[in-house]
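Please read the structure below before turning to the comments.
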Amino acid sequence: MRTYLGGAHRFASGTGSLVVQGPNDEEWRYPVTLSDTGAFHFEFNEKTDATGDYSAYFESNGKETESCGQARFKKDAYRLPTFEVLLNGPQRVALDEEFGIDLSARYFAGGLVADRPILWRVTQAPIAWTPPDRPGFFFSSDSRFGAEEKFRASPVLEQNARTDDSGSAPLKLNPTLEPTGHPRRYQIEATVTGPDDIQVRTSTQVQALPAFVLGVKVPRYLETATSLQPEILAIGPQGTPVAGVPLTVKLVRRSWNSLLQAGDFSQGTAKYTTETIDEVIEERKIVSGADALKLDFPLREAGVYLVQVEAADKIGRRQFVSVDLFVNGGAPVTWSRPPTETVAVSSDKDAYAPGESAQLVLQSPFQTGRALAIVEEPEGPFRYQWLDIAKGVGSFALPIRKTQMPRVAVHFLVMRGRVAGDAPAPTAQFDLRKPATLAATKWVTVTPVAHQVTASFTYPEKARPGQKIDVVLKLRDEAGKPLAGEATFWLIDQAVLSLAREQPLDPLPSFIVPRDTHLVARDSRNMAFGILPLMETPGGDKPLEDLGVDNIAVRKNFTPVPIYLPTVAIGPSGEVTIPVTLPDSLTIFKLRAKVISGPDRFGYATGELPVRLPVIAQPALPRFLRPGDTFEASVIGRVVEGEAGAGKGTLKTDGLTLTTPAEQSFTWEGSRPQRLDYPVTVGQPAYRADGTPERQSVRLGFTVQRQSDQAGDAVEITLPLRPDRPAVRQQRLQTLAPGGTLDLAALSEPARLALYGGRSFSPATPAFRVCWRGWCRSCRPPGAVRSSASVLPASNSR
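Mind the numbering: the sequence shown is residues 402 to 1199 in this note's numbering, read in order.
Now the structure itself:
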């Protein structure tokens, strides 16, 4: 919990309530107290029967009640999947060649999912891709700078297949068959059905890019320059330069000419029409190289310029990129006339880090004038600065500070005095020489690097069930220096995370406060002197926009979350060691941590720890049993490490009747798992005097062992016993007259215990009511029943 004022975060303090809301309008409230670091931890362990969606939020105590920090979770009966599906393939491919995706299905406990059905599904969507590690370049794959063309794709692909003996399956896709050459994202989904009929679905994304994209690096703003030196580059799908591509490079100067065009006689209004004039200064034919090529173009005057590069791949698909820039200087500059009462403002970068300076260029429609820059600082007061407009250009430098994150608004009021000349005629509808004021707002994005903590784990690459390990958590700032702080750490079974989408780990977005503008500009002179005729046809440049056997330990502890530490303190060294005792689960555990450092730095860390045995036993059982049930208790044996061959499996039970031999021999064939089925029956439990069964659960112990080296695994599972039918409850209210009796009818079926029989009640006083409540388990053979009676005076309000 944090308070936020003037762009700064501070630790929250005080008390409040944790409010949990559930299905059927249920609500729980718990008092909590915030710690010194503005945090609290509460374990919600209400025994609720309702499944569904729950939500929790914090409600503060104070003069004005405030709520924040909502989290949502679901309570539901589930069965953990026993295997995972992985899709392997390239992250990026070329649009002019075929590519493949390989599927591999493996059990969390080890082993391969062989000969199982697969359903493939492939969809496509357009993307704007920027090659990595090329700062300052603008690419043709970005729709803001590339050629505009409508995206088209082939229909959704659905295909059936099966995994082979190695648990794998391939899928081939051919992007050359697509109708257009746009960069696109392939969404590839695969659904595998396991031996226990549980379906596991996974997906991956592949970016299909042109054989090359064109990149241009050029400064967007030059204060003064006599030449321009753009860098030209052709980049392949893997982010490496492509040499030998013929390129056409043009330097174009763009200007605008706005004409006041007469309107029709019925309305008598005029409007401005803007003409865009592109003048090709120079055109060159070059060939791309193994690195960026730097060209040199002479510049004759100030203005707006465009660097355009064009090429085609071997299929004839066109690549085009056009980047605009502004060169200041002594010559007057024309701009595209903006919509009414506004001007355009451009920046040299899309986003800035604290400590940098944002260079803003004001594209004034007036050749001379003044502009007032207004910065809405997060501390509250506005900051004002006057600018001079010369030759149609004004520039403003804004130092970026940490408190301005995530963005800061910079407003400009551009003012021009009356233009010299003759006064307008008394009958003129417009006074084109009158003073004018235009306004514009530029949002400057500030990156949250100064609010981030880089957290990381150090831990063993592999572990055994029940092993004790040390996990080291490290905190660093953006410069790599240690940070003190606090963390919440937990370990969770990957199978749990496969049931639903994991909630976001990064806490920082929750503490980024959006900032709105509070400035209103109004020019009263327009009310006195009339409107400015700025209606026009627009023109100009594009905008930027996770049971015992010898030497075999029995695995009993299968908790999916073996550790959860709500508060872990980290000292000035920026490191802490967390001892962890692993449960008996054979799976892949995910390591998670959310961290803070001070009131305004936030981060998170992730990791993955596989827990393995050479031979594993995976039970396939129902979640619960009822008396009289007959079912197959199954165990799936898998070889994870070593050779396949002869093996044996045994089953021991407590509370169940086994109808086949307890030991079975079998042979593992290759990587295929071996399933053993044992028919068992649940008997009728004995009942206590109060009607409750003496046994609430049954136990099954499986052992699977490899004969060659005696390697194996033993698992003990406890299953709950549920009633085989609901209880029968009756309630009756009747008034008895003096001397009257009430006969309770006998049961229609024998009860499980002889605790019930017909009873008569005869009051000794003039008027009574008898209230009788009872329940029984109406069933055969004998079961359990309860009854109770209350004799009340007739005047009792009950």
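C-beta atoms are modelled at their ideal positions from N, C-alpha and C, and glycine is treated no differently.
Query	Result
Per DSSP, what kind of secondary structure is Asn958 in: helix, strand or coil?	coil
Just to confirm my understanding: we take Arg602, look at its own chain, exclude 5 residues before and 5 after, and list those with CB closer than 6 Å. What are they?	Thr592
Taking only the alpha-carbon atoms, compute the straight-line gap between Ser758 and Ser747 and give it to the nearest angstrom.	14 Å
Skipping 5 residues on each side, what residues in its chain have a beta carbon closer than 6 Å to that of Ile716?	Asp497
Asp789 to Val845, Cα distance in whole Å?	21 Å
State the Cα-Cα distance for the pair Gln681 and Pro910, rounded to the nearest angstrom.	Looking at the sequence provided, one finds Val at residue 681 rather than Gln. Their backbone Cα atoms lie some 46 Å apart in a straight line.
Roughly how many angstroms separate the alpha carbons of Gln1075 and Pro1062, rounded to a whole number?	17 Å
Do three or more CB pairs link the stretch 594-601 to the stretch 476-490 at distances below 8 Å?	yes
Does DSSP put Lys803 in a helix, a strand or coil?	helix
Does the stretch 531-544 come into contact with the stretch 554-571, if we say contact requires no fewer than three beta-carbon pairs (one atom in each stretch) closer than 8 Å?	no
What is the C-beta distance between Val1016 and Val1041, in whole angstroms, given that I count them as a contact (C-beta under 8 Å)?	7 Å
Exposed or buried, what is Ser1109 when buried is set at 16 or more other beta-carbons lying within 10 Å of its beta-carbon?	exposed
How many Å lie between Tyr479 and Lys875 at the Cα?	35 Å
Going by DSSP, which residues form a beta bridge with Asn489?	Asp503
With 16 other CB atoms within 10 Å as the buried threshold, where does Leu1134 fall?	exposed
Less than 8 Å between the C-beta atoms of Gly1038 and Gly1048, yes or no?	yes
Give me the Cβ distance between Ala1060 and Val1081, rounded to the nearest whole Å; I'm assuming they're in contact under 8 Å.	One detail in the question is off: residue 1060 reads as Thr in this sequence, not Ala. Confirmed, Cβ separation roughly 7 Å.
Pull the bridge partners of Phe912 from the DSSP assignment, please.	Phe912 pairs with nothing; no bridge assigned.
What separation, rounded to the nearest whole angstrom, lies between the Cα atoms of Glu1009 and Asp894?	10 Å
Is the separation between the beta-carbon of Ala840 and that of Leu814 shorter than 8 Å?	yes
For Val724, which residues from the same chain have a beta carbon less than 6 Å from its beta carbon, with the 5 sequence-adjacent residues on both sides left out?	Phe539, Phe546, Val617, Val619 and Val708
Starting from the Cα of Asn575, find the closest Cα among Leu615, Ala495 and Pro527 and give me that residue.	Ala495
Let me know if Glu611 comes out buried or exposed under the rule of 16 or more other beta-carbons within 10 Å of its beta-carbon.	Sequence check: residue 611 is Pro here, not Glu. Counting Cβ neighbours within 10 Å, Pro611 comes out buried, since at least 16 surround it.
Compute the distance between the beta-carbons of Pro1000 and Asn958, then report whether it is under 8 Å.	no
Of all the options Gly470, Ile1118, Gly595 and Leu773, which has the alpha carbon lying nearest to the alpha carbon of Gly1098?	Looking at the sequence itself, residue 1098 is Ser, so the reference to Gly does not match. Nearest C-alpha to Ser1098: Ile1118.
Tell me whether Arg430 is buried or exposed, calling it buried when 16 or more other Cβ atoms sit within 10 Å of its Cβ.	exposed
Between Val728 and Ala626, which are expected to be in contact by the criterion C-beta below 8 Å, what is the C-beta distance as a whole number of angstroms?	5 Å
Contact defined as beta carbons within less than 8 Å: I believe Ala440 pairs with Met402. What is the distance between those atoms, to the nearest angstrom?	7 Å
Hey, is the stretch 562-581 in contact with the stretch 499-508, meaning 3+ C-beta pairs nearer than 8 Å?	yes
With contact counted as at least three CB pairs below 8 Å, one residue from each stretch, are the stretch 989-1008 and the stretch 518-525 in contact?	no
What's the C-alpha gap between Leu683 and Pro536?	The amino acid occupying residue 683 in the given sequence is Glu; Leu does not appear at that position. Between Glu683 and Pro536, the C-alpha separation is close to 26 Å.
Please name the residue, chosen from Gly415, Thr466 and Lys448, that lies closest to Asp477 on a Cα-to-Cα basis.	Lys448
Would you mind working out which of Thr859, Tyr860, Arg834 and Tyr622 sits nearest Val794, comparing C-alpha positions?	Tyr622
Does DSSP classify Asn446 as helix, strand or coil?	coil
Please classify Leu696: does DSSP put it in a helix, a strand, or coil?	coil
Can you round the beta-carbon distance between Leu920 and Ile775 to whole angstroms, since I take them to be within the 8 Å contact cut?	6 Å
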